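> Residue numbers (our numbering): 102 to 135.
Pasting a structure here, questions to come.
Okay, structure coming up:
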């Protein structure tokens, strides 16, 4: 997630795109955790 933040801050990916990636990662992580 930090890497995604860095990429967004550097302008490599759009902020909305970064947020969407993070939420999908979080969803996947949560489903794995349970």
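Glycine included, C-beta positions come from ideal geometry on N, C-alpha and C.
Computed from a predicted structure; not experimentally measured.
Within 10 Å of its beta-carbon, does residue 120 have 16 or more other beta-carbons around it, so buried, or fewer, so exposed?
Its Cβ having fewer than 16 others within 10 Å, residue 120 is exposed.
> Quick one: what does DSSP say residue 114 is sitting in, helix, strand or coil?
Coil at residue 114, not helix or strand.
> Roughly how many whole angstroms lie between the Cα atoms of residue 122 and residue 134?
Rounded to the nearest angstrom, the two C-alpha atoms are 18 Å apart.
> Name the residue from 128, 129 and 102 whose alpha carbon lies nearest to the alpha carbon of residue 116.
Measuring from the Cα of residue 116, the nearest candidate turns out to be 102.
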